[in-house]
Amino acid sequence: MGIKKEIEKRKTFAIISHPDAGKTTLTEKLLLYSGAIQIAGAVKSNKIKKTATSDFMEIERQRGISVSTSVLSFNYKGYIINLLDTPGHKDFAEDTYRTLTAVDSVILVIDSVKGVEEQTRKLMEVCRMRNYPVIVFINKLDREGKEPIELLDEIEKELNIKVRPLTWPVGMGSRFKGVYNIYKSTFNFFKSGKTVVEEEVTTFKDLSDPDIDKAIGHNEAVALRDDIELIDTIYENFKLESYLNGDIAPVFFGSAVNNFGVKELLDTFVEIAPCPGPREATCGLVEPSTEKFSGFVFKIHANIDPRHRDRIAFFRVCSGKFERNKFYHHVRLGRDIKFPNPANFMAQDKSIIEEAFPGDVIGLYDSGIFKIGDTLTEGEAFMYKGVPRFSPEHFCEVQNTDPFKSKQLEKGLMQLTDEGLAQLFLQNPGNRRILGVVGTLQFDVIKYRLLHEFGANCKFSPINGYKAVWVKFKNPKDIEDLTTYRYHSLFYDKNNNLVFIPESKFILQLAKEKNPQAEFLENMEHNDETLELEAS
Ligand code: GDP
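My numbering puts the first residue of the sequence shown at 933, with every later residue one more than the last.
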């Protein structure tokens, strides 16, 4: 099969939501419909992360939150669907943002009772920056929630995207009758606690069909007609192009835990969601159908099997065809490397693959050669852009408590920060080591892993820092004030970039005023330094 055909078969996406909106439940149901798992409830809500499917770390089991981001691949209607799971906990949001660099579209789950929540807003901001096509699934219609029209209004206002409902609910909570498909004139009848995957759908002539009154009750049918008339006047008709451009988000209503509305969502998803598209690199846009293979690492994960030390680099294939045991060019290291055991993530197992195509995510066993953002090519010297590195907001100084284990500590810190779990800042002179994270739970994970994987004991002492800000300058004179008065807050990151960690927003502001020639950057891309090397 030609590479174009392979690309057309693939859909790579992520489900995003505020914790508890129903992302895990929906994931389970999608697997159920695709046949990747057999029985509803076999994988309990929230427990899916606790099976071999996507649970890599012991700490995750202990904490009961999903620390890891994993990949689930399954087949549906001739498509190969790659679902990139994202951790729900806000302290691991950075991980989620990075995963979003590897998808082509997203499904956003909103809890009908709670509406738009904090994490929904943040995640959508990232999607809006990239103009990803978004499908919205409003979940938990079996509960008394907000009025549908109110929810749509909230989504438009708070998430800065236009919406277009494709289905419309009749009633909610105990009065929930089901959803009407506006474009197909079908009615999907709701039954609670359904464990079968078939949905009970009746097709009507159109909205005026009197059979609708018989099926759902006269009053409900009248209300439905009024609602849809209103919707048609408020919202633009659905246009595929507007969805693909990220301008309009089609909206579905359902109840994931009751298997309701999920099939409709999945069927529409495979029909309209984009196939792998071009990606931006330092050499310009790279088309997926380009013959030469290339792609990038968006996530590095610790040993899936605690008895082994290897890490797994999650690699998105962006162009061409990846082949097992073929030499590829590691652009940052300038070395050619081959991969004898590349893994894919079909259903619940990992298995070795022979080849992979654009849109696929493969797991490359990594003995420490990869960093987030690394690019592999067939020899070309370009890097993929856009894997963000966020400014940490919590800081701790690392102190070794076992002088005989300082090498282990060093190695552990290097590896864990390469994985993107935290950022490491060094002070010279002084040899102070500061770890910076976006959410404080990451400190616990790091401490646990330093001890269990590297045998390194250490103490973390919190230090007062507002943010880590990268400082760019042309001439040492540009930062004279900073180096004279703020030297105690100056550090270097692992790539030797100068980083300023001011105690407060006020001090940052002051530094900007006193060093007007310097640039203070709050977010960097993982490949920023490599990009600069290339330019110079
Ligand atoms: P996540 O944190 O977004 O992954 O959310 P989960 O899928 O773990 O769901 C959070 C809770 O909401 C669980 O107790 C689910 O059983 C429940 N839930 C999920 N979908 C529905 C639904 O359609 N209706 C109701 N009533 N509860 C649901």
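Cβ coordinates follow ideal geometry from the N, Cα and C atoms, glycine included.
Could you round the C-beta distance between residue i and residue j to whole angstroms and report it? I think they count as a contact, below 8 Å.
i, j, result
"Phe-1122", "Phe-1108", "5 Å"
"Gly-1311", "His-1261", "5 Å"
"Met-1315", "Trp-1402", "Not quite, the Cβ-Cβ distance comes to about 18 Å (not below 8 Å), so this is no contact."
"Glu-1541", "Arg-1256", "Past the boundaries of the shown model lies residue 1541; the chain is included only from 933 to 1468, so the question cannot be answered."
"Gln-1355", "Pro-1324", "6 Å"
"Gly-1368", "Phe-1357", "6 Å"
"Ile-1039", "Phe-1259", "At roughly 37 Å, the Cβ-Cβ gap does not stay under 8 Å, so Ile-1039 and Phe-1259 are not in contact."
"Asn-1190", "Asp-1074", "6 Å"
"Ile-1304", "Ala-1275", "At roughly 19 Å, the Cβ-Cβ gap does not stay under 8 Å, so Ile-1304 and Ala-1275 are not in contact."
"Pro-1101", "Ile-1114", "Rounded, the Cβ-Cβ distance is 11 Å, inconsistent with contact."
"Cys-1390", "Thr-1333", "6 Å"
When you measure from the CB of residue i to every non-hydrogen atom of the ligand GDP, does any distance come out below 8 Å?
i, result
"Pro-1101", "no"
"Phe-1192", "yes"
"Ala-1205", "no"
"Leu-958", "yes"
"Pro-1080", "no"
"Gly-1344", "no"
"Asn-1092", "no"
"Arg-1075", "yes"
"Lys-1253", "no"
"Ser-949", "yes"
"Ser-1187", "yes"
"Asp-1334", "no"
"Lys-1109", "no"
"Asp-1027", "no"
"Asp-1298", "no"
"Ala-953", "yes"
"Lys-1195", "no"
"Val-1095", "no"
"Lys-1446", "no"
"Val-1041", "yes"
Around the C-beta of residue i, are 16 or more other C-beta atoms found within 10 angstroms, so that it is buried, or is it exposed?
i, result
"His-1420", "exposed"
"Leu-1172", "exposed"
"His-950", "buried"
"Glu-1464", "Model confidence at Glu-1464 stands at a pLDDT of 41, short of 50, so the residue's coordinates are unreliable; what they give is reported in the following sentence. Burial call: exposed."
"Lys-1078", "buried"
"Leu-1265", "exposed"
"Gln-1449", "exposed"
"His-1150", "exposed"
"Lys-1469", "It is not possible to answer for residue 1469, since the shown part of the chain is limited to 933 through 1468."
"Thr-1372", "exposed"
"Phe-1302", "buried"
"Gln-1441", "exposed"
"Gln-1374", "buried"
"Asp-914", "Lying before the first or after the last residue shown, residue 914 is absent from the chain, which here runs from 933 to 1468."
For the alpha helix (DSSP H) containing residue i, name the first residue and the last one.
i, result
"Glu-1086", "1080-1091"
"Ala-1181", "Unbroken run through Ala-1181 is the beta strand (DSSP E), 1180-1185; no alpha helix (DSSP H)."
"Pro-1142", "1142-1148"
"Glu-960", "955-966"
"Gly-934", "Premise fails: Gly-934 is in no alpha helix (DSSP H) and is neither H nor E."
"His-1471", "Look at the range of the chain in this structure, 933 to 1468, and you will see that residue 1471 is not part of it."
"Val-1058", "1050-1061"
"Ser-1338", "1338-1350"
"Leu-1358", "Careful: Leu-1358 lies outside any alpha helix (DSSP H), inside the beta strand (DSSP E) at 1355-1358."
"Glu-1415", "Reading the sequence as shown, one finds Thr at residue 1415 and not Glu. 1412-1417 is the span of the alpha helix (DSSP H), which, as asked, contains Thr-1415."
Quick one: what's got a C-beta closer than 7 Å to residue i's C-beta in the same chain, skipping five residues either side?
i, result
"Arg-1157", "Leu-1139"
"Arg-995", "Because Arg-995 carries a pLDDT of 42, less than 50, the predicted location of this residue cannot be relied on, and the following value inherits that uncertainty. Excluding positions up to five away in sequence, the list is empty."
"Asp-1143", "Phe-1136"
"Lys-1437", "Tyr-1398"
"Leu-1453", "Val-1401, Trp-1402, Lys-1404"
"Pro-1210", "Leu-1217, Val-1218, Glu-1219, Pro-1220"
"Ala-1147", "Phe-1119, Thr-1134"
Output the boundary residues of the beta strand (DSSP E) element that contains residue i.
i, result
"Glu-1196", "First-last for Glu-1196: 1194-1204, but that is the alpha helix (DSSP H), not the beta strand (DSSP E)."
"Val-1095", "1094-1097"
"Ser-1037", "1037-1043"
"Pro-1019", "Counting along the chain, Pro-1019 falls outside any beta strand (DSSP E), and DSSP gives it neither H nor E."
"Ile-1269", "1267-1270"
"Gln-1449", "Premise fails: Gln-1449 is in no beta strand (DSSP E) and is neither H nor E."
"Gly-1295", "1293-1298"
"Tyr-1424", "1422-1424"
Identify, in the order they occur along the chain, each residue of the same chain with its Cβ nearer than 6 Å to the Cβ of residue i, setting aside the five sequence neighbours on each side.
i, result
"Met-1056", "Leu-1091"
"Gln-954", "The sequence given here has Gly at residue 954, not Gln. For Gly-954, where only same-chain residues beyond five positions count, the Cβ hits under 6 Å are Val-1041, Asn-1071, Ala-1188."
"Asn-1396", "Glu-1435"
"Pro-1272", "Asn-1257"
For residue i, which residues of its own chain have a beta-carbon under 8 Å away from its beta-carbon, when the five flanking residues on both sides are left out?
i, result
"Ala-1205", "Lys-943, Phe-945, Asp-1036, Ser-1037, Pro-1065, Ile-1067"
"Tyr-965", "Tyr-1008, Val-1129, Val-1194, Lys-1195, Leu-1198"
"Lys-936", "Ser-1221"
"Leu-1414", "Val-1403, Leu-1422, Phe-1432, Ala-1443, Lys-1446, Asn-1447, Ala-1450"
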